[in-house]
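Engineer: Could you have a look at this structure, given as structure tokens, before my questions?
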Amino acid sequence: MLTVQEALLTLQKFWTDRGCMVVQPYNTEVGAGTMNPATVMRVLGPEPWRVAYVEPSVRPDDSRYGENPNRLQTHTQFQVILKPDPGNPQELYLESLRALGIDLDAHDVRFVEDNWQQPAIGAWGLGWEVWLDGMEVTQFTYFQQVVGQNLEPISVELTYGIERIMMALQGVSHFKDMQYAPGISYGEVFGQNEFEMSKYYLDTADVQANRDLFERYTAEAGKLIEARLPVPAWTYVLKSSHAFNVLDSRGAVSTTERARSFSLMRKLAREAGALWTDRRSELGHPLLKGEAPQMVIGQAVMPPSEGETSAAKVSSDQPQTFAFEVGVEELPPHLVGQAIEQVRTGVTDGLAASRLEYGDITVVGTPRRIVATVASVSAHEPEAETLRKGPKVAAAFDADGNPTKACEGFARGQKVDVADLVRAEFDGAEHVAVKVQQPGRDVLGVLGGIVEAVVGSLRADKNMRWSDPELTYSRPVRWLVALWGADLVPAQISQLRTGRTTYVHRTDPNALVPVASADELTALLGDKGIVLDPEARRASVVEQATRLAESVGGTVDFEAESALVDEITNLVEQPHGILGGFEERYLRVPEQILTTVMRKHQRYLPVRDASGALMPHFITMANGDCVDDVVRGGNESVLRARYEDAAFFYDADLQVDLTELRAGISKLTFEDRLGSMADRSDRIKDVAAALAETIDLDASGRETLSRAGELAKFDLSSQMVVELSSLAGFMAKEYAAKAGETPEVASALWEMELPRTTGGPLPTSVPGALLALADRFDLLTAMFAIGAKPTGSSDPFALRRAALGVASILRGVDGVGAVTISAGLAAAAARLRTQGVDVSDESVAAAQEFVEGRFHQQLRDEGISAGLVDAVAPLADAPGKAELALKDIEAVRATDGFAPLVEVTQRITRIVPAGTTGAYDRSVLVEDTEKALAGRVDALPDHSGDGLVDWLADAKAIVDPANTFFDEILVMADDEALKAARLGLLQTIVDRAPKGIDWKALHAAL
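To convert, note that position 462 of the sequence shown is 462 in our numbering; the numbers rise steadily by one, no gaps.
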């Protein structure tokens, strides 16, 4: 059996044999091998750097007293940096796993999207978590930026999780049981360390002492930067980072405190990094002068990025199939569909712009390849005649019909006689023109241009660079296949060239496969088990999951799990379903915790019985053939460890009284100027109570609101929510119910977090809705008061989501529609002021404008026309009323008489000056026509507080007399008394119409 120390020696030898040097772990606590200067500093600048080293990585937040099978506060990483990217880092990594004795044919090794970032040092990169049978064993990253510096060349980072890899290799389910050295277990060596350091980090670390250390370390780092000493400065940045992590493990860091601390550490890291870069430049970049060992590829496959050279000669005059494959390293699942559409659009537009004849275009794809095929593409474009525009005829000939100098100059420039010019119309004007013969291009030239345009234009929401000097995309593009029939379509984009070799599964003994002709490409890939069509792949996932669930008497709720099925579909090229299980004892943990772990962390499909209850089974989709028992065992072990974590947190939280949990949030700083989370909870309670005064809430509802307000946000101090923040609110409901609170109180605590997403479920109770509104009104008012409003794409406090939540609740929850945005913000502002927070009227007005703007955009995003949105714009302060008005408009817009009535009303608003009083002296009216209208108006009930439906029923009778009035009566009479009576009569019609409608906008919208 390979021991842990032998594995470390094996990896060290593997990478030194491939040209890496070995350095030592750093001499202070680091959270990851990345933080060692051998990585974080050496990836800066132009010097090449290939290094491998062991790094004990200290993460206080992962402390579990040595009880969790997979979690350790100090775990062992093996760090590799390859600078520059060698072109096949994934293949080299897989070879290193083979060196460790991992059978890649038996196990399921997958590259799962990971958009890595480290805010504390201003670093980010794109890559993957590498999963071995569901367990993350390595982080694989193409660094793009470190300490705020864009990297050139790009470095590849491989961070092996040694404990996790070795647990899989040795077949043990707990890290303590691993053989660290012959006859010595891991637990015997490190068990005491794990318990005692966990005890310190979780229970006994002094919060104030570590706050003081953080301040002292950051101050020292600043002094060392001023002294131009980047190496010791970085050491103190690391020490401050560790002090911060200790505080975090004690639950003593709020969201705002985190942002402020990260900002300071990021600033110091950037300054230290910039100083390091300057010092290396001052030293003349010594490593550029040396002769370091070359990278040795060994047995690792090199993707066929160099393609092939071929004479661009068409071998046939007959139409042929065109096949085009873009080979990539694993794309994020959500980008596969986007990539397919980008390629489809590029190929379709490119062919449409040519004169080639062609048949159907098909584009499909997987995480590793996008494949386009086009049927019956002709061998040549036909010749074409086009007209090249010259001057207008009026400028080309004088009054006698003789050519002008402009005409002669155009003809001379085109190398033709004036007599050869023709007349043609361009954009409605007649010009002289010359006929130009365009020879047809051959198919290889046309298709080559399309390939280059398509590949060069591929873009995603997050793009990266790699070893190619010009290309940029979500993940590296490593090979291209482009064939027309049996002919290679020559194309080159930067250093990437087309060829006729595809790259199938990496574990295939013959992974690089030549493709004889375009017609063979999709069939060849299919024969290798690759399911190119996403629809077919999804159907396979559903079919296999259905069959596996039925084998244990269960089912999968594919409708509820639709998004997860979509993600799984684009995580694999060849779905291979495996049924796994877990111990029934974990079912005592609330279902939402268990399924959150399955979906979010593992991408497992939960299995349910006929009643919908969760069963102790799950389904995972491996990528291709493997040994099911091996992969099943690995995935079950991973889930067991995660459920142990969940059960640990759940049980620990249940031992704590709600009052103590509520008191615990006083230790969480919401924002320095705004107090703690307990202060915020108190404000939410009071604002909700103030809002309750504006609506009709019965005594039972008020009692529920009061008690739920007292407990608001208490679960933020629970261990479960600290670990899985997405469960905030749900755990409040769960823990409140367990503690004996009423179902109404428990539900209100959950509902105050709703909606969690755009279009997500809303609160169903009025107390829950009031708390949810109060939560968001407090957040918006507070952040605008301190100047933390969103800017551009930056919205760290999710104020846009909060504003949309306010609008959604007011529109969609019965019983709170009468609440206005202005009233909610005013209540929040008043409460903040009692706490001593300076809240200006201008900031409240800005917050209101912001919320109303998001409400406006929400309506537009739902497909409501701009005209109708403008029609209810006067009701923007009351989204609930605006929603009713929109429903009324839809209900009556097709009703006879509605449009004429709106036309009359808007006509009045155009005629009558603003501020006119809706009153009139009927005795002043003289004409029968105006008296007739006055009679109708006298009979018109006041519908100013009603909806359009009721108004229409009574008001449509005024349409005809009003139109007759407009035709026969001069409103602006010379007699001032008469004019005032006529204007007052018309204004009375508007005053008795529903308030809050922009009649001019509604008329235009209809």
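All C-beta atoms, glycine included, are put in the ideal place defined by N, C-alpha and C.
Model, not experiment: these values are computed from the prediction.
Please state the DSSP three-state secondary structure of M295.
Structural biologist: In the structure shown, M295 sits in coil (DSSP, three-state: anything other than H, G, I, E or B).
Engineer: Go through its chain and collect everything with a Cβ distance to V436's Cβ below 6 angstroms, but skip five positions before and after it.
Structural biologist: Once the five neighbours on either side are set aside, the close Cβ partners of V436 are T386 and R388.
Engineer: Would S726 pass as a contact of T596 if the rule is Cβ separation under 8 angstroms?
Structural biologist: Yes, these two residues count as a Cβ contact at 8 angstroms.
Engineer: Quick one: what does DSSP say H334 is sitting in, helix, strand or coil?
Structural biologist: If DSSP states are grouped into helix, strand and coil, H334 belongs with the helices.
Engineer: Can you tell which of D17, V146 and Q77 has its C-alpha closest to the C-alpha of V54?
Structural biologist: Ranking D17, V146 and Q77 by Cα distance to V54 puts Q77 first.
Engineer: Would a C-beta distance cut-off of 8 angstroms place A688 and G709 closer than the cut-off?
Structural biologist: Closer than 8 angstroms, so yes.
Engineer: Determine which residues share a DSSP beta bridge with R388 and list them.
Structural biologist: Answer is V434, bridged to R388.
Engineer: Evaluate N88 with the Cβ neighbour count: other Cβ atoms within 10 Å of its Cβ, from every protein chain shown; 16 or more gives buried, anything less gives exposed.
Structural biologist: The residue is buried, with at least 16 neighbouring Cβ atoms inside 10 Å.
Engineer: Could you tell me if F1063 is buried or exposed, where buried requires 16 or more neighbouring beta carbons within 10 angstroms of its beta carbon?
Structural biologist: With the chain covering only 1 through 1006, there is no way to say anything about residue 1063.
Engineer: Take the Cβ of E308 as the centre, count every other Cβ of all protein chains shown within 10 Å, and call the residue buried at 16 or more, exposed below.
Structural biologist: The residue is exposed, with fewer than 16 neighbouring Cβ atoms inside 10 Å.
Engineer: Should Q602 and G577 be called a contact, given that it needs their Cβ atoms to be closer than 8 angstroms?
Structural biologist: No, Cβ-Cβ distance for Q602 and G577 is not below 8 angstroms.
Engineer: Just tell me which of E927, G996 and S155 has its CA closest to the CA of T969.
Structural biologist: It should be noted that the sequence gives Ile, not Thr, for residue 969. Answer by Cα proximity: E927.
Engineer: How should D400 be labelled, buried or exposed, when 16 other C-beta atoms within 10 angstroms of its C-beta is the threshold for buried?
Structural biologist: Its Cβ having fewer than 16 others within 10 Å, D400 is exposed.
Engineer: What does the alpha-carbon distance come out to for the pair D696 and E703?
Structural biologist: D696 and E703: Cα-Cα distance of roughly 14 angstroms.
Engineer: Tell me the residue span of the alpha helix (DSSP H) that contains Q848.
Structural biologist: Where Q848 is concerned, the enclosing alpha helix (DSSP H) stretches over D841 to D861.
Engineer: Whole angstroms are fine: how far does the CA of D203 sit from the CA of T218?
Structural biologist: For T218 and D203, the distance between alpha carbons rounds to 25 angstroms.
Engineer: Once the 5 residues before and after L1002 are set aside, which same chain residues still bring their CB inside 6 angstroms of it?
Structural biologist: Within the same chain, L1002 has close Cβ partners A871 and V902.
Engineer: Comparing alpha-carbon positions, which option in A962, S717, P606 and A181 lies nearest F649?
Structural biologist: Checking every option, the nearest Cα to that of F649 belongs to S717.
Engineer: Look at the alpha carbon of Q318 and the alpha carbon of A486, and state the distance between them as a whole number of angstroms.
Structural biologist: Approximately 12 angstroms between the Cα atoms of the pair.
Engineer: Distance, Cα to Cα, G273 vs S517?
Structural biologist: Using only the alpha carbons, I get a separation of about 52 angstroms.
Engineer: If you count every other CB in all the chains shown that lies within 10 Å of the CB of M135, and 16 or more means buried, which is it?
Structural biologist: Buried, since its Cβ has 16 or more Cβ neighbours within 10 Å.
Engineer: Any idea what DSSP makes of Y160, helix, strand or coil?
Structural biologist: Correct three-state label for Y160: strand.
Engineer: Report the residue from F262, N115, I81 and L986 whose alpha carbon sits nearest the alpha carbon of V912.
Structural biologist: It is L986.
Engineer: Between A181 and the rest of its own chain, which residues show a CB-CB distance below 7 angstroms, the 5 nearest in sequence each way excluded?
Structural biologist: Closer than 7 angstroms at Cβ, skipping near neighbours: T3 and Q5.
Engineer: Quick one: Cα of R465 to Cα of D609, how far?
Structural biologist: The straight-line gap from Cα to Cα measures roughly 47 angstroms.
Engineer: Who are N115's beta bridge partners in DSSP?
Structural biologist: The partner list for N115 (beta bridge, DSSP) reads L126.
Engineer: Determine which residues share a DSSP beta bridge with P403 and list them.
Structural biologist: F397, per the DSSP bridge assignment.
Engineer: Taking 8 angstroms as the cut-off, decide whether the C-beta atoms of V451 and A511 are in contact.
Structural biologist: No, Cβ-Cβ distance for V451 and A511 is not below 8 angstroms.
Engineer: Do V477 and L483 count as a contact pair if the criterion is CB distance below 8 angstroms?
Structural biologist: Contact: no.
Engineer: If you follow the alpha helix (DSSP H) that L868 is part of, which residue opens it and which one closes it?
Structural biologist: Looking at the DSSP string, the run of the alpha helix (DSSP H) that includes L868 is A866 to A871.
Engineer: Can you tell me whether DSSP reads A323 as helix, strand or coil?
Structural biologist: The answer is strand: DSSP assigns A323 an E or B state.
Engineer: So what's D557 in DSSP terms, helix, strand or just coil?
Structural biologist: D557 falls in the coil class under three-state DSSP.
Engineer: Leaving out the 5 sequence neighbours to the left and right, which residues in its chain are closer than 7 angstroms to M972 when beta-carbon positions are compared?
Structural biologist: Taken in chain order, the residues that qualify are K979.
Engineer: Please classify K713: is it buried, with 16 or more other beta-carbons within 10 angstroms of its beta-carbon, or exposed?
Structural biologist: With 16 or more Cβ atoms within 10 Å of its Cβ, K713 is classed as buried.
Engineer: Taking V565 and V542 to be in contact with their CB atoms under 8 angstroms, please state how far apart those CB atoms are, rounded to whole angstroms.
Structural biologist: Right, the Cβ-Cβ distance comes to about 7 angstroms (below 8 angstroms), so this counts as a contact.
Engineer: Taking its Cβ as the centre, do 16 or more other Cβ atoms sit within 10 Å of K83, making it buried, or is it exposed?
Structural biologist: So K83 ends up on the buried side.
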